[in-house]
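> In the numbering used here, the protein residues as written are 9 to 285.
Every residue gets a Cβ at the ideal spot worked out from N, C-alpha and C, and that includes glycine.
What follows is a structure written as structure tokens; I'll ask about it next.
Written out as structure tokens, the structure is:
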């Protein structure tokens, strides 16, 4: 088999519903990686939360986080490649959101650290519920106004709100600023809340996967996913496998449908087909 990079989404694909790896998946991946398999993941999560969810798994090659916004060295935490907004671009996006009553969480690199900022006086309950799950991870920056919310290098806006508020904003963003941004609009698989994620146009799992393929010297790219946001990743891969619980749109684009995340579908497929068992 030609040198292959195996790349998996996390939530809904590699992780269990409790947002953790099963013992079977963890042990299988550790064994296959130890035998020489090139494996990494591409996730919408940050580096810190992704590492927490995959505790015990040590992939030596870089990781793709924030839907392709960063490629990060898994051993050192150093950002190898980043995609950020220009200040005027971030300001335009934030202005449109504010005009439509949407209060986002703004992710930025500030003082050489990854931070997320929000205006506590404006965010809705749906956003606050998410922030409570991130308490204590060191990135939080709670504000009481919007004055400094765009400080640093902004790379990601997360809007969590009611669908009737976010849908028209998503349509307007795509119509006005398609050239400078990449939007993902979907429901969270855990909370059921509607999300609108906004990243620079250059940030995508597909773009980052191609870069990682080059970095590793791989000749083939095999990918795994479950959501609509994995569609571009499947287009970038030589083969793409959708887990049984995947969105129907992704299943249509898949090379094949494999077992669900709750049944260790990715680990089972790798055990049988990667050539590193």
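If we count Cβ pairs, one from each stretch, closer than 8 angstroms, do we get three or more for the region 60 to 72 versus the region 208 to 221?
Yes, they touch.
> Please classify residue 64 as buried or exposed, where buried requires at least 16 other C-beta atoms within 10 Å of its C-beta.
The residue in question, residue 64, is exposed, as its Cβ has fewer than 16 Cβ neighbours within 10 Å.
> Which runs of the beta strand (DSSP E), 3 residues or longer, sit entirely within the region 76 to 155?
Qualifying beta strand (DSSP E) stretches, in chain order: 78 to 80, 87 to 90, 113 to 118, 121 to 127, 148 to 151.
> Within the same chain, show all residues whose beta-carbon is closer than 7 angstroms to that of residue 21, passing over the 5 residues directly before and after it, in chain order.
Once the five neighbours on either side are set aside, the close Cβ partners of residue 21 are 232, 233, 234, 251, 269, 274.
> Measure the C-alpha to C-alpha separation of residue 284 and residue 229 and round it to an integer number of angstroms.
Each residue's Cα considered, the two are about 16 angstroms apart.
> Are there three or more Cβ pairs, one per stretch, closer than 8 angstroms when the region 201 to 216 is compared with the region 156 to 176?
Flag = yes, the region 201 to 216 and the region 156 to 176 touch.
> In chain order, what residues of the same chain lie with their CB nearer than 8 angstroms to the CB of residue 86, ignoring the 5 residues before and after it?
80.
> Are the CB atoms of residue 101 and residue 165 nearer to each other than 8 angstroms?
Result yes, Cβ atoms of residue 101 and residue 165 sit closer than 8 angstroms.
> Looking at residue 157 and residue 127, is the spacing between their C-beta atoms short of 8 angstroms?
Their beta carbons are under 8 angstroms apart, which means residue 127 touches residue 157 by this criterion.
> Could you have a look at residue 24 and say whether DSSP puts it in helix, strand or coil?
In this structure, residue 24 counts as coil in the three-state DSSP scheme.
> Just reading off the alpha helix (DSSP H) that residue 198 is part of, what are its end residues?
Run containing residue 198: none; DSSP gives neither H nor E here.
> Of all the options 34, 142, 78, 132, which has the alpha carbon lying nearest to the alpha carbon of residue 106?
The residue with the shortest Cα to Cα distance from residue 106 is 132.
> Give me, in chain order, the residues of the same chain whose beta-carbon lies closer than 7 angstroms to that of residue 263; leave out the 5 immediate sequence neighbours on both sides.
Correct list, in chain order: 247, 248, 249.
> Helix, strand or coil for residue 42? Go by DSSP, reduced to three states.
Residue 42 falls in the helix class under three-state DSSP.
> So what does DSSP say about residue 163, is it helix, strand or coil?
Three-state DSSP puts residue 163 in a strand.
> Can you look up residue 63 in the DSSP assignment and give me helix, strand or coil?
Reduced to three states, the DSSP call for residue 63 is coil.
> Would residue 167 and residue 112 be called neighbours here (beta carbons separated by less than 8 angstroms)?
A contact, by the Cβ cut-off of 8 angstroms.
> Taking the beta strand (DSSP E) that residue 12 falls in, what are its first and last residues?
Run containing residue 12: 12 to 16, per the beta strand (DSSP E) assignment.
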